[in-house]
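**Student:** Mapping of the sequence shown onto the numbering used here: residues 13 to 174, in sequence order. Once you've had a glance at the structure underneath, I'll fire off some questions.
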Amino acid sequence: MFYSQFILAKKGPLGTIWIAAHLERKLRKNQVADTDIGVSVDSILFPEVPIALRLSSHLLLGVVRIYSRKVNYLFDDCSEALLKVKQAFRSTAVDLPPEETTAPYHSITLPETFDLDDFELPDNDIFQGNYVDHHVSAREQITLQDTMEGVVYSASQFGLDG
């Protein structure tokens, strides 16, 4: 016998590949998604125990079928995503009365100059100078004072007697 029963067991490393080669209809989507093509091909090309040439060809057929399914699943997902993007940005027909198909000139065009006197601003304390800003503090309120006034250091304390 040119292979181990463990290799082709349902839970074995090549079990899913064997099922794909011989019983493709029984292969589930999660089994296909969980199969690593590169690792499977490496285990077929460089087996732990020698396997027959016919068996390796069956296993390679299973790898091809799993790869084909993965490509089909990817194509379906991409097609669905493209369809959703097209639907999201699809233009829709809007029934507007003929007189509302264009906007009036003054609603979309800015005037050449602005007249600042046209703005009506309230007469508040802000403009009279009586406004107190509570968001800014004086420097003395936000700065820590140095409390090291009476401390004297000498060079001998640091081993720098010279």
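Beta carbons: idealized from backbone N, C-alpha and C, even for Gly. All values reported here derive from a predicted model rather than from experimental measurement.
1) Judging by CA-CA distance, which residue of Val75, Val61, Val97 and Gln17 is the nearest neighbour of Leu39?
2) Can you look up Asp89 in the DSSP assignment and give me helix, strand or coil?
3) For Ser52, count the other beta carbons within 10 Å of its own beta carbon; 16 or more makes it buried, fewer makes it exposed. Which is it?
4) Buried or exposed: where does Ala33 fall if 16 or more other Cβ atoms within 10 Å of its Cβ makes it buried?
5) Between Asn84, Lys23 and Asp129, which has its C-alpha nearest Lys41's C-alpha?
6) Check this for me: beta carbons of Val44 and Arg81, under 8 Å apart or not?
7) Please report the distance separating the alpha-carbon of Leu67 from that of Gln99.
8) Count the other CB atoms, across all protein chains shown, that sit within 10 Å of the CB of Thr47; report buried if there are 16 or more and exposed otherwise.
9) Under 8 Å, do Ile49 and Leu71 count as touching if we go by C-beta distance?
10) For Thr28, report the span of its alpha helix (DSSP H) as first-last.
11) Check whether the Cβ atoms of Pro25 and Ile31 sit closer than 8 Å, and answer yes or no.
12) From Gln153 to Val164, what does the alpha carbon distance come to, in whole angstroms?
**Tutor:** The short version:
1) Cα-wise, what sits closest to Leu39 is Val75.
2) Asp89 carries a helical assignment under DSSP once its states are collapsed to helix, strand and coil.
3) Under this definition Ser52 is a buried residue.
4) Around the beta-carbon of Ala33, 16 or more other beta-carbon atoms lie within 10 Å, marking it buried.
5) The shortest C-alpha separation from Lys41 is found at Asn84.
6) A contact, by the Cβ cut-off of 8 Å.
7) If you take the alpha carbons of Leu67 and Gln99, they lie about 48 Å apart.
8) Buried, because 16 or more other Cβ atoms sit within 10 Å of the Cβ of Thr47.
9) Their beta carbons are not under 8 Å apart, which means Ile49 does not touch Leu71 by this criterion.
10) Where Thr28 is concerned, the enclosing alpha helix (DSSP H) stretches over Gly27 to His34.
11) In this structure, Pro25 sits away from Ile31, with a CB-CB distance that is not shorter than 8 Å.
12) Spanning the two alpha carbons is a distance of roughly 28 Å.
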